[in-house]
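Numbering (the working numbering), first residue to last: 62 to 346.
Here it is in structure tokens:
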């Protein structure tokens, strides 16, 4: 009887988890999954939350990218991590999207920062595929929520792996062009690739939002950036894409530092791909 009761509880927990992660292709459903992820961690701890919500090949940057399920299955557990999504967007194909916002890590000393997560819809369920973050002092700026729904719905009927690879290659080529331009012109090169609403997450700073502010920020500290792309992925809807890899950053103060980076690109009406998010987190050599 007891075994049957425990089995029922286990099945009910799995059902609730799957329902909380249910994707209907909307940004609203992704934000709901993110909030349920945070609630699950507060109730059951990081180990349970990350192993339940992460994709099989999901990565967390701690600080370098490692498999999320493996990292949390074998690492220390905690319930002291809280976060809230304030900005989110989902592809028109509903197959992947991202969320970002402030987080707080408690303990002996409170740590504040910004997280950035990429999610994919797998069999109608949102799964975490990338998660990284930056730290900064206790936030001072007022936060405005912005959850952007897809403008329309589009899923190509005959897209296969070869077609996806071709699409990803377009993004890889765009980033190669960006990298070459950065080598020639320094951080000024970002001006030709940033969208008007681009946001930058950089250690020690609250989010820098807007193209002009982002360029001014980058110019104030950095002279050169060199990118080494590790992976590229493009939404089936052809409107969003991301890359991640390692960036070598030369500061104006004659200092070089390595970062893991995550860039999110969005296709514009003129078919150019602009950056809408740039996330830098320290890399461990």
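Positions of the beta carbon are idealized from the N, C-alpha and C atoms, including for glycine.
Note that the C-beta distance between residue 343 and residue 267 is not below 7 Å. In the structure shown, residue 253 falls within a helical segment according to DSSP collapsed to helix, strand and coil. Our two residues, residue 154 and residue 284, have alpha carbons roughly 38 Å apart in a direct line. The straight-line gap separating the alpha-carbon atoms of residue 265 and residue 340 is approximately 12 Å. If you draw a straight line from the Cα of residue 169 to the Cα of residue 139, it comes to about 13 Å. With a cutoff of 7 Å on beta-carbon distance, residue 309 and residue 287 are scored as near each other. One alpha carbon belongs to residue 98, the other to residue 110, and they sit about 6 Å apart. As DSSP reads the structure, residue 175 sits in a beta bridge with 163 and 195. The three-state reading of DSSP puts residue 246 in helix, counting H, G and I together. Here the alpha carbons of residue 186 and residue 91 stand approximately 9 Å from one another. By DSSP's assignment, residue 208 forms a beta bridge with 149.
Setting aside the 5 residues that flank it on each side, residue 208 is surrounded in the same chain by 88, 92 and 149, each with a C-beta closer than 6 Å to its C-beta; the list follows chain order.
Residues of the same chain with a CB within less than 7 Å of the CB of residue 103, apart from the 5 flanking positions on each side, are 140 and 143 in chain order. Under the three-state reduction of DSSP, residue 229 is assigned to helix. A Cβ-Cβ distance of about 17 Å is found for the pair residue 100 and residue 133, leaving them out of contact under the 8 Å criterion. With fewer than three CB-CB distances shorter than 8 Å, the segment 163-179 does not count as touching the segment 218-231. Across the set 274, 217, 242 and 241, the C-alpha of 274 shows the shortest separation from the C-alpha of residue 257.
In the three-state reduction of the DSSP assignment, residue 294 falls in the strand class.
Under the DSSP assignment, residue 143 falls in the beta strand (DSSP E) whose first and last residues are 142-144. Here residue 322 really is in contact with residue 305; their C-beta atoms are around 6 Å apart, less than 8 Å. As the crow flies, the alpha-carbon of residue 204 is around 20 Å from that of residue 193. Under DSSP, the beta-bridge partners assigned to residue 283 are 312. Apart from the 5 residues on each side of it in sequence, residue 115 sits with its Cβ closer than 7 Å to the Cβ of 129, 130, 188 and 189 in its chain, given in chain order. For residue 236, the CB contacts under 6 Å within the same chain, skipping 5 residues up- and downstream, are 290 and 304 in chain order.
Taking a C-beta distance under 7 Å as the contact criterion, residue 151 and residue 158 qualify as a contact pair. Take the alpha-carbon of residue 320 and the one of residue 240: they are about 15 Å apart.
Within the same chain, 152, 153 and 328 come within 6 Å of residue 300 by CB-CB distance, once the 5 residues on both sides are set aside.
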